[in-house]
Structures are given as C-alpha cells and as structure tokens.
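The block underneath contains the structure these notes are about, expressed in structure tokens.
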Amino acid sequence: MDYNLYILTIVFFISLILNKILINYSHKLKLIDKPNERSLHQVEKSRAGGIAIFLSFIIGLIFFNVNLSFYLVLGFFIIFFLGIYDDIKNLSSKIKFFWIMVAATFLYIDGYFINSIGVFFKVDLIMPTSMAYLFLLFAVVGFINAMNLIDGLDGLSSGIGIVILVSFAYIGFKYSDNFLFYISMTLIFSLFGFLIFNWYPSKIFMGDTGSLSLGFVIVVLSIYSINSNYISAVSVLLLAAVPILDTLIVMFRRISQKKNPFKADKTHIHHVILFQQNKNVRKTSLILILLQLIFVYIGLGFKVRDDIYILGVFIMLFILFYLLLTAKIRG
-16 MDYNLYILTI VFFISLILNK ILINYSHKLK LIDKPNERSL HQVEKSRAGG
34 IAIFLSFIIG LIFFNVNLSF YLVLGFFIIF FLGIYDDIKN LSSKIKFFWI
84 MVAATFLYID GYFINSIGVF FKVDLIMPTS MAYLFLLFAV VGFINAMNLI
134 DGLDGLSSGI GIVILVSFAY IGFKYSDNFL FYISMTLIFS LFGFLIFNWY
184 PSKIFMGDTG SLSLGFVIVV LSIYSINSNY ISAVSVLLLA AVPILDTLIV
234 MFRRISQKKN PFKADKTHIH HVILFQQNKN VRKTSLILIL LQLIFVYIGL
284 GFKVRDDIYI LGVFIMLFIL FYLLLTAKIR G
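Under the numbering used here, the first residue of the sequence shown carries the number -16, and numbering increases by one thereafter.
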C-alpha cells in the first residue's frame, strides 16, 4: 500500500474510533446537544465530533511531518479550544468574536493575509496593508460563522467541508504542493470517519469545535492558495459557495426586513429545502452537497484572466438563490 494512503487510512480509523468513544462518554464530558425550539432533532446527542475530527487530523499531520509555523498552530488551537469551551458552556457571541479575531491576528502576523482582491478589467486591485488586516478579520470571522451556520442538518457541514477540501487537494496535487495536499487530504479522511456517525440518523454532531475549526482551516488553505497564485481571491466565492451564499442571503434578508441579522431563525438554505422535501434530511443534505460540488467544478474550471466574470457568476447565483428562497419562504 502507498505510504500516503496507509497514513490516510490510519487517520480515518482513528477518527472513527474516537467518534465512537466520544458518543459513549459525551454525558460525562458535558458535550451534549439538547433539543430546543430551533432543533431538528428530538433527542439528546453528542456534540463532541469536532474533537475526534481534529485530534485525528493533528495525528495525521504529525505522521506526514507537515511543516507548520508557530503562529499558525497557535491560531488553530485558539479556535479549537474556543470551540470545546463553547460546546460545554455556550459562550456569548461577543466572547467568540473576540477570540476569533485574536486567532486571525496571529494569521496576519504569520503572513496569512491577502493583498490582491483580484484582477478587474485588467487592473490588479491591491489593498494597503491596513486594509489587508481588516479584510482578513472580515474573512476569518465571516467564513467561520458561515460554516457554523450551515451546520444544521445531519451530514451537511461535513459533506460540504469534504467537497471544499477536495478542491484544495486537487489544487495541491496539480501544483505538487505537499503542504496544501496533505492538510486537505488528512482533514478529508478525518471528516469521513466522523460522517459515518453523522449521516442521518446521526449519533453525533461536530459541535462548534468542529464547525469553527473546519472554517478556520478552510480560510487558511484559501489564503495560502491565493498567495501562492494558484487561485484568485474571487474564485473562493465559488469554491465555498454554499456556506457563503447561505450567510449572505440570510443576513441580507434579515437586514432588509429590519430584523436583527444575528438572531437565529429557520430561513437558512437547508431549512427551506428541507421543508420543500417533506423534511427528508438525507435528500436535503445530498442536494446541497451536490450543489457545492457543481460550484467547485465551475470555480476550478474558469480559464479567464479577469475576475469580473467569476464575480458576475457569483452575483447571479446570489440573486437567483435569494429570489427562489424568498419565494419559497413566502409561499
């Protein structure tokens, strides 16, 4: 067996075993998700999946001897332990926002920020350093929140995450970039070990530990790929389209209706499709995962030098989804 496949298989089984163990010990660890008025599940379930995912992920990176900088590791562990503490104590949004900003600041110190927004009408739009920092904060906080919000159905966030990571694994393979390839593939196999127990009817959720950490890793891979000139900043809008579209549409709708944009409700993409599919969780998750796969295919397939075309496609998708979802909600 190829050494890489051997390590990835080990990562998968470590994730599988850890998830099984944590399902049985979640009550003792106080990592239980209790149903509430917004929940789609009716019984208590473990929310410790994120711990299993990222412990197996870390073990895999050690096996692959991936070279990670101090500030990158520090930023990751801030997010990881923030998620664990939040899963136990249910932290306020302000506290989470603060620590996510701290983690983002460490990324900035380590050079993980974007200078170029993209090429529009043959002009490369370069941000000043101060703006680059603010843009990084917006990107990290925004996308981590997006992955957290999409985590509302069995198998959805892990399935979406796998598809997004496959795109980065492909980019890493295409450009012979071991850093990008190993991180993506290791997390994919960790997520597969979790997905065995998270697919409907699930026995475990990834919790905030999983969704926050997954969002953080995807942001890091995105910035790394952009700075390596593998992709443009705008193309990330398609590579991670479902969570980004969902967050933007929900926020836009709430603001237009003069509602609190941060108040939770059941108007997310997965809620609307779920009720249209007679509450068929499997079918709804598969529809959204397939949509994300299509968006990734489009994003990777673009051969244009001007990002205005990619941005145009994303804007059209936003308008289309907004109109369709709004019509479904009203109907």
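Quick reminder that beta carbons are idealized off the backbone N, C-alpha and C, glycines included.
Inspect the beta-carbon positions of residue i and residue j and report whether they are closer than 7 Å.
i	j	result
Val(-6)	Ser173	yes
Leu276	Val146	yes
Gln260	Thr250	no
Ile83	Val124	yes
Ser194	Asp134	yes
Leu38	Leu1	yes
Ile(-10)	Phe46	yes
Tyr213	Tyr158	yes
Val287	Tyr165	no
Lys186	Ile36	no
Tyr91	Tyr116	yes
Ile179	Leu148	no
Pick from the options: whose alpha carbon is nearest that of residue i?
i	options	result
Phe151	Leu222, Lys241, Phe126 and Ser99	Leu222
Ser141	Gly176, Ser211 and Asp248	Gly176
Ala129	Lys186, Val233 and Ile281	Val233
Leu44	Ser113, Ile312 and Asn161	Asn161
Tyr54	Ala86, Ile252, Ser167 and Leu38	Ala86
Lys3	Asp(-15), Ser159 and Phe188	Phe188
Ile127	Ile154, Val255, Lys241 and Thr230	Thr230
Gly155	Lys241, Leu269, Phe103 and Leu283	Leu283
Leu271	Lys241, Leu306, Thr309 and Gly144	Gly144
Lys11	Val26, Arg30 and Tyr207	Arg30
Pro184	Leu14, Arg236, Tyr(-14) and Glu27	Glu27
Ile42	Leu307, Thr(-8), Asp(-15) and Leu274	Thr(-8)
Ile201	Asn(-13), Ile62, Tyr(-14) and Asp(-15)	Ile62
Asn73	Phe304, Tyr280 and Leu14	Leu14
Phe89	Val203, Val106, Tyr153 and Ser167	Val203
Asn181	Leu(-1), Phe81, Ser211 and Tyr305	Leu(-1)
Leu163	Tyr(-14), Ser211, Asp(-15) and Leu108	Ser211
Residues in its own chain within less than 6 Å of residue i by CB, not counting five upstream and five downstream?
i	result
Phe278	Leu221 and Ala224
Thr192	Gly33, Ile34, Gly66, Ile67 and Asp70
Pro226	Ala129, Met130 and Ile133
Ser113	none
Gly198	Phe126, Ile127 and Met130
Gly190	Arg30, Gly33 and Asp70
Asp16	Lys28, Arg30 and Phe188
Val296	none
In the DSSP assignment, the beta strand (DSSP E) including residue i goes from what residue to what residue?
i	result
Val106	Val106 to Ile109
Ser99	Ser99 to Phe103
Note the first and the last residue of the continuous alpha helix (DSSP H) segment covering residue i.
i	result
Leu225	Inspection of the sequence shows that residue 225 is occupied by Val rather than by Leu. Looking at the DSSP string, the run of the alpha helix (DSSP H) that includes Val225 is Ala224 to Ser239.
Lys3	Tyr(-14) to Leu12
Arg313	Ile291 to Arg313
Asn181	Asn161 to Asn181
Ala152	Leu139 to Lys157
Ala87	Ser76 to Ile92
Tyr116	Thr112 to Leu132
Ser194	Gly190 to Asn210
Arg259	Here the sequence assigns Gln to residue 259, which means Arg is not the residue at that position. Looking at the DSSP string, the run of the alpha helix (DSSP H) that includes Gln259 is Ile252 to Gln259.
Tyr54	Phe53 to Lys72
Ile136	The sequence shown places Leu at residue 136, rather than the Ile named in the question. Taken as a continuous stretch (DSSP letters only), Leu136 belongs to no alpha helix (DSSP H), as it is neither H nor E.
Phe47	Gly32 to Phe47
Arg288	Premise fails: Arg288 is in no alpha helix (DSSP H) and is neither H nor E.
By Cβ distance below 8 Å, which residues in the same chain neighbour residue i in space, the five residues on each side in sequence not counted?
i	result
Ser76	Phe245
His253	Ile133, Gly135, Leu136, Leu139, Asp229, Thr267, Ser268 and Leu271
Any beta-carbon of chain B closer than 7 Å to the one on residue i?
i	result
Ser215	Absent here is chain B; the protein component of the structure consists of one chain.
Tell me, to the nearest whole angstrom, how far the beta carbon of residue i is from that of residue j; I am working on the premise that it is less than 8 Å.
i	j	result
Ser218	Phe285	7 Å
Phe40	Thr169	6 Å
Phe64	Asp289	Going by Cβ atoms, the distance from Phe64 to Asp289 rounds to 42 Å, so no, they are not a contact pair.
Thr309	Arg237	About 12 Å separates the two Cβ atoms, so there is no contact after all.
Val264	Leu257	7 Å
Excluding five sequence neighbours on each side, which residues of the same chain lie with their C-beta closer than 7 Å to the C-beta of residue i?
i	result
Ala216	Ile97, Ser99, Ile100, Gly101 and Ile209
Lys311	Val255 and Gln259
Leu120	Met84 and Ala87
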